[in-house]
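Going by the working numbering, the first residue of the sequence shown is number 150, and it counts up by one from there.
The beta-carbon is built from N, C-alpha and C at its ideal position, and this holds for glycine as well.
Source: prediction; values computed, not measured.
Take a look at the structure below.
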Amino acid sequence: MSQGILPFEVELAERSDTVTGRAGLPLVLETMRALGLDQVISEQVRLRERASGYSELEKIEALVLLLASGGECVDDIRVLDADPGLLRLLDRKRFPSPDALLNFLYAFHDGELIKEAQERRAPDTLAYIPEENAALLGLGRLNVELVRRVAGQGQGKRATLDHDATIQESHKREALAHYKGGRGYQPAAIYWVEQDLVLADEYRDGNVPAGMSNLPLIKRGFQALPATVREYYFRSDSACYDEAVLKWLADPKRTEGPAGPIGFTISADMSPELKAQCKAIPEPAWRPFEDRLEETVQCAEVEFTPGNWRKDAEPLRYLALRITKKQGRLFEEGGQTKHLAVVTNREGEIADLIRWHWKKAGTIELVHDVTKNEVAAAVPPCGRFGANAAWYRLSLLTYNLLSAMKSLALPPELSSARPKRLRFSVFTLAGRIVSHAGRLVVRVGAEAEALAGLIAARLRLAQLRLLLASS
Numbered sequence: 150m151s152q153g154i155l156p157f158e159v160e161l162a163e164r165s166d167t168v169t170g171r172a173g174l175p176l177v178l179e180t181m182r183a184l185g186l187d188q189v190i191s192e193q194v195r196l197r198e199r200a201s202g203y204s205e206l207e208k209i210e211a212l213v214l215l216l217a218s219g220g221e222c223v224d225d226i227r228v229l230d231a232d233p234g235l236l237r238l239l240d241r242k243r244f245p246s247p248d249a250l251l252n253f254l255y256a257f258h259d260g261e262l263i264k265e266a267q268e269r270r271a272p273d274t275l276a277y278i279p280e281e282n283a284a285l286l287g288l289g290r291l292n293v294e295l296v297r298r299v300a301g302q303g304q305g306k307r308a309t310l311d312h313d314a315t316i317q318e319s320h321k322r323e324a325l326a327h328y329k330g331g332r333g334y335q336p337a338a339i340y341w342v343e344q345d346l347v348l349a350d351e352y353r354d355g356n357v358p359a360g361m362s363n364l365p366l367i368k369r370g371f372q373a374l375p376a377t378v379r380e381y382y383f384r385s386d387s388a389c390y391d392e393a394v395l396k397w398l399a400d401p402k403r404t405e406g407p408a409g410p411i412g413f414t415i416s417a418d419m420s421p422e423l424k425a426q427c428k429a430i431p432e433p434a435w436r437p438f439e440d441r442l443e444e445t446v447q448c449a450e451v452e453f454t455p456g457n458w459r460k461d462a463e464p465l466r467y468l469a470l471r472i473t474k475k476q477g478r479l480f481e482e483g484g485q486t487k488h489l490a491v492v493t494n495r496e497g498e499i500a501d502l503i504r505w506h507w508k509k510a511g512t513i514e515l516v517h518d519v520t521k522n523e524v525a526a527a528v529p530p531c532g533r534f535g536a537n538a539a540w541y542r543l544s545l546l547t548y549n550l551l552s553a554m555k556s557l558a559l560p561p562e563l564s565s566a567r568p569k570r571l572r573f574s575v576f577t578l579a580g581r582i583v584s585h586a587g588r589l590v591v592r593v594g595a596e597a598e599a600l601a602g603l604i605a606a607r608l609r610l611a612q613l614r615l616l617l618a619s620s
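Spelled out as structure tokens, the structure:
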């Protein structure tokens, strides 16, 4: 009787370390080494109390490989560990066990910092944002070094930073209720559009309002930029429509950030005062913006000044949108007309600025989609806040590494590839491993290698390592 339906049979290899189904996955590790991140990890992330056991470098590399290859929990490291051929290419005997990786993540949690944050909150406030312990801060500095070393290769001079928070659903007992009705966490991130890199993040409980204390994260995002940047821009939804944020962005002499102008657009809260001003705009001032299937959208500039805006400060522009339902239809909240507004300090046509502002939906919001659905950011590993924060930061680090690999090593055809396509095209190359003249060789199909550009990518990364080591 045939073994299966198709005309072939499966046999076990005499030595399982002579084959691998992931001949392209070591590129992830080579990207880390090319950027010198192995040295940065050794300097910035120190957790072990004893010299024995796996190092912080080995554990971080294992977690990054796990996330890059599609794993969603620490137990999935068993799948990589069951590929002796991959281990041979990586020059490893084993990966750390799931328990070792989970205990490593636990070290990023500090219950005392959470207690301190709870004690600092106002009496009528439930939400709080704890400080990060030394290990989590070190992981953040690792990402900053990655960003600066990647950006340094292109000498990027323009930086558009987009801010946004996202919901991580979780059924863990410790997860708190969020504004959409479920339970989980609500981390926020800052994304550098031109370089496709996440600059900074802040992990938050689900009950933390999106508008709570965003300025420290924004400052960290700008501080992570390399010195080559000369033009600064910022975009956000109404979570950043806050007096402290607006004043900091508008002040060219701001502290803890770059000097000079930062051009920004932020969605404004539609307060009763602002709504009244929008309704008072003369009809001839409204200009056509978009004609949608069920709606007509018009735009205009509205005279409005926040109540406590300094008189000596540069005035801000408020750009209004009026959305009118066609054929007598109503919005869910009632009424046929809805107003929106964007606040900015930039010059230019109203329609152009609003379209530029809306492009955020295809940047940071896309990053949230990719990291949550393809790099396991949506799957907190446990109920410990700090451990989940480390997992989330590692998922963003993995996103940045894959972005760096695309820009520095892979063929142009893969420049916009999402992680799932990189797995399909590059990481899961089948390879036969042999020793030849004292060298370890992995043999892959010529056609598959041509599509992945594996050999050329490895050469580029090797040259980059030499370049950075000599600089």
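How about residue i and residue j: do their beta carbons lie closer than 8 Å?
| i | j | result |
| --- | --- | --- |
| ILE582 | GLY234 | yes |
| SER420 | ASP386 | no |
| ARG384 | HIS506 | yes |
| LEU550 | LEU563 | no |
| GLN470 | VAL492 | First, the amino acid is wrong: residue 470 is Leu here, not Gln. Not closer than 8 Å, so no. |
| ASP311 | LYS474 | no |
| LEU622 | VAL299 | Outside the shown range of the chain, which is 150 to 620, sits residue 622, and nothing can be said about it. |
| GLU514 | ASP225 | no |
| LEU178 | GLU210 | yes |
| TYR340 | THR520 | no |
| ALA183 | ARG614 | yes |
| LEU288 | ARG542 | yes |
| ILE499 | GLU450 | yes |
| ASP350 | TYR334 | no |
| GLY370 | GLN344 | no |
| VAL194 | LEU291 | yes |
| PRO175 | LEU238 | yes |
| ALA525 | GLU261 | no |
| LEU275 | ASN363 | no |
| ILE472 | GLU496 | no |
| ALA579 | VAL590 | no |
Starting from residue i, follow its DSSP beta bridges and name the residues at the other end.
| i | result |
| --- | --- |
| ALA349 | ILE339 |
| GLY404 | It should be pointed out that residue 404 corresponds to Thr in this sequence rather than to Gly. BP columns for THR404 are empty, so no partner. |
| ILE472 | VAL446, LYS487 |
| PRO437 | GLN447 |
| GLU385 | As written in the sequence, residue 385 is Ser, which differs from the Glu given in the question. The partner list for SER385 (beta bridge, DSSP) reads ILE415. |
| ASP518 | DSSP output for ASP518 lists no bridge partner at all. |
| ARG466 | THR493 |
Is the beta carbon of residue i within less than 7 Å of some heavy atom of the ligand MG?
| i | result |
| --- | --- |
| LEU557 | The model depicted lacks the ligand MG and carries no ligand whatsoever. |
Mapping DSSP to helix, strand and coil, what is residue i?
| i | result |
| --- | --- |
| ILE415 | strand |
| LEU489 | strand |
| GLU205 | helix |
| GLU380 | strand |
| ASP166 | helix |
| LYS509 | helix |
| VAL189 | helix |
| ARG369 | helix |
| ALA326 | strand |
| ARG504 | helix |
Under 8 Å, Cβ to Cβ, is there at least one residue of chain B near residue i?
| i | result |
| --- | --- |
| ALA337 | Of the chains in the structure shown, none is chain B; there is only one protein chain. |
Could you pull the start and end residues of the alpha helix (DSSP H) that residue i belongs to?
| i | result |
| --- | --- |
| THR315 | Per DSSP, THR315 belongs to no alpha helix (DSSP H) and is neither H nor E. |
| PHE157 | Careful: PHE157 lies outside any alpha helix (DSSP H) and carries neither H nor E. |
| LYS396 | 392-399 |
| LEU291 | 283-303 |
| LYS306 | Per DSSP, LYS306 belongs to no alpha helix (DSSP H) and is neither H nor E. |
| PRO175 | 175-183 |
| GLU422 | 421-428 |
Taking the continuous beta strand (DSSP E) assigned at residue i, which residues delimit it?
| i | result |
| --- | --- |
| ARG332 | 332-334 |
Restricting to runs no shorter than 3 residues, where is the beta strand (DSSP E) found entirely within the stretch 540-608?
580-585, 588-592
Going residue by residue through the stretch 212-245, where are the continuous beta strand (DSSP E) segments of at least 3 residues, counting only ones entirely within it?
none
Would you mind listing the beta strand (DSSP E) stretches within the stretch 241-278 that are 3+ residues and don't spill past its ends, in chain order?
none
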